[in-house]
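First the structure, in the form of structure tokens, and then the observations on it.
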Amino acid sequence: MFFVGIDIAKYKHDFAIINNDGFVIVPPKTIQNSKEGFNDLLSSLLALDRSQEIKIGLEATGHYGLNLKAFLSKHGFNFVELNPLQVSRFHSQMSLRRTKTDKIDCLVIAHFISSKNEYKPYQQSLYHIQALKSLTRLRETYVSQRSLILVKMTNILDTVFPEFKSFFSNKLKSITALFILKKYKTPSRISKWSKKDMNLVHNISHNFSLSKVALIKDAASHTVGNSSDYLIDELLSLISTFESLDKEVESIESKITKIMLDIDSPTASIPGMGLISAATIISEFGDFSRFHNANSCIAFAGLDAGISQSGTKSFKGKMVKRGSSHLRYALMNVVKTVCIHNDTMKQFWIKKKVTDHKCLRVADSHCAKKLIRIIYYLETHQKKFDASLCK
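Here the sequence shown stands for residues 1415 to 1805, numbered as in my numbering.
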């Protein structure tokens, strides 16, 4: 058997090949992150005795290795993705020297996979998993930016027209609020609304009564706000950015929804689980068959507790929070609605919060772990949610 270790970098990669006895077949070699570099690696792989198994290992390093992984899969080579932390610890065990170079790293990876048998070959992700992961992360970025823009809009309005926000229960995100600010801009212009203007505002949303429109006009007449030109310019710029981000989020969500309806994921069948949350969770987990059990999924999400043991003393610490932060965020948020729609989950949360006297976030994290076990079962058995199986 041959073991190939590849150290991934942004502009170039390093690889080395050893055999069962640890003898170096191909010493560390640098290839460029290009077609010529990939073909150089392929030539070295094809020169090996193909009657023997070739095991390729590389660290999970985000998007830098995507093209190389696709290239290897295209030419029929399987590979395993490794946790960089485990490789680093293995390196520390091999040598006490504090030396780290890319050429050393690729050899360490080769020796690491030669000493491990539990790693399953990475199955090239289906298109929809890669697409969902990319889309959900982009959506999360836009939503975060949109929230920041909303905060800035609110801060400016606190100076320009501080009374305005009190008329909108959902702050400034409503169509009516944005329409008023874009069209009339200043409290001075709002205070001069004619009957036609008031009807126009009312017609934007029929839930917004004429009496409330009149109250806004009156508040504008007596506001203590400061309508400086630069503040109005900033506010209009922020509104334009907010609406642009809002449209992008809607567009991305429609694409995510289409993919989720096409693949009909069992995770989406869980009551209280929205399509966007389900898309984030399954795309971050990826191929569920690479996890030995549900506990492996919990560790991958970083929801397991750290354990400290010394002599006769042993205790669990805080959540380790390693792994995908996107996954952990999605799980901790969606578990609240799942508990509302599932009585077993709700009772489990009550037990942790009330009976066991856990704080709110700790109770949520316990429910998130239980949710992962449900998701793991549904995805690995390809079954829709059944409340009778939720224990």
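Beta carbons are placed, not taken as given, at the ideal position from N, Cα and C, and that holds for glycine.
Every value quoted in this text rests on a predicted model; they were computed, and no experiment measured them.
Problem - Burial state of Y1556, where buried means 16 or more other Cβ atoms lie within 10 Å - result: buried
Problem - Cα-Cα separation, L1745 to A1782 - result: 6 angstroms
Handout entry: Beta-carbon contacts of I1696 that lie in its chain and below 6 angstroms, excluding the five residues immediately before and after
Key = S1679 and T1681
Practice task
Indicate whether the contact test is met: 3 or more Cβ pairs, each with one atom in the segment 1517 to 1524 and one in the segment 1661 to 1676, closer than 8 angstroms.
Solution key: no
Practice task
Give every residue of the same chain whose Cβ lies closer than 8 angstroms to the Cβ of S1619, excluding the five residues on either side of it in the sequence, and list them in chain order.
Solution key: S1588, I1589 and T1590
Problem - Alpha-carbon to alpha-carbon, A1474 and D1421 - result: 10 angstroms
Practice task
Buried or exposed for V1574, please, with buried defined as at least 16 other CB atoms from any protein chain shown within 10 angstroms of its CB.
Solution key: buried
Handout entry: Cβ distance (whole Å) where M1567 is taken to contact L1586 below 8 angstroms
Key = 6 angstroms
Exercise for the section: Please name the residue in L1650, H1795 and N1640 whose C-alpha comes closest to that of N1707. Expected result: H1795
Handout entry: Same chain only: Cβ atoms within 6 angstroms of F1582, ignoring 5 sequence neighbours per side
Key = S1588 and A1591
Problem - Integer-rounded CB distance, given that K1579 should sit under 8 angstroms from W1607 - result: At roughly 18 angstroms, the Cβ-Cβ gap does not stay under 8 angstroms, so W1607 and K1579 are not in contact.
Handout entry: Residues of its chain near L1528, where Cβ-Cβ distance is below 6 angstroms and the 5 sequence neighbours each way are ignored
Key = First, the amino acid is wrong: residue 1528 is Ser here, not Leu. F1417.
Exercise for the section: Report the option in T1515, A1545, N1497 and F1504 whose CA atom is closest to the CA atom of F1526. Expected result: F1504
Handout entry: Distance between V1501 and A1801 (C-alpha atoms, nearest Å)
Key = 41 angstroms
Exercise for the section: Tell me, to the nearest whole angstrom, how far the beta carbon of T1444 is from that of K1426; I am working on the premise that it is less than 8 angstroms. Expected result: 6 angstroms
Problem - Ranges of the alpha helix (DSSP H) found wholly within the segment 1599 to 1650, counting only runs of at least 4 - result: 1601 to 1604, 1609 to 1618 and 1624 to 1635
Exercise for the section: Under 8 angstroms Cβ to Cβ from L1564, same chain only, skipping five residues before and after it: list those, please. Expected result: K1585, L1586, K1587 and F1656
Problem - Stretch pair the segment 1761 to 1778 + the segment 1646 to 1661: three plus CB contacts closer than 8 angstroms - result: no
Handout entry: Delimiting residues of the alpha helix (DSSP H) encompassing E1467
Key = Per DSSP, E1467 belongs to no alpha helix (DSSP H) and is neither H nor E.
Exercise for the section: Would you identify the three-state DSSP class for L1496, choosing helix, strand or coil? Expected result: strand
Problem - D1428: first and last residue of the uninterrupted beta strand (DSSP E) it sits in - result: K1426 to N1433
Problem - Three-state secondary structure (DSSP) of D1454 - result: helix
Handout entry: Extent of the continuous beta strand (DSSP E) run through V1438
Key = V1438 to Q1446
Handout entry: Residue interval of the beta strand (DSSP E) (run including I1754)
Key = From DSSP, I1754 is part of no beta strand (DSSP E) but of the alpha helix (DSSP H) over S1739 to H1755.
Problem - DSSP-derived helix/strand/coil call for I1789 - result: helix
Exercise for the section: Tell me whether G1436 is buried or exposed, calling it buried when 16 or more other Cβ atoms sit within 10 Å of its Cβ. Expected result: exposed
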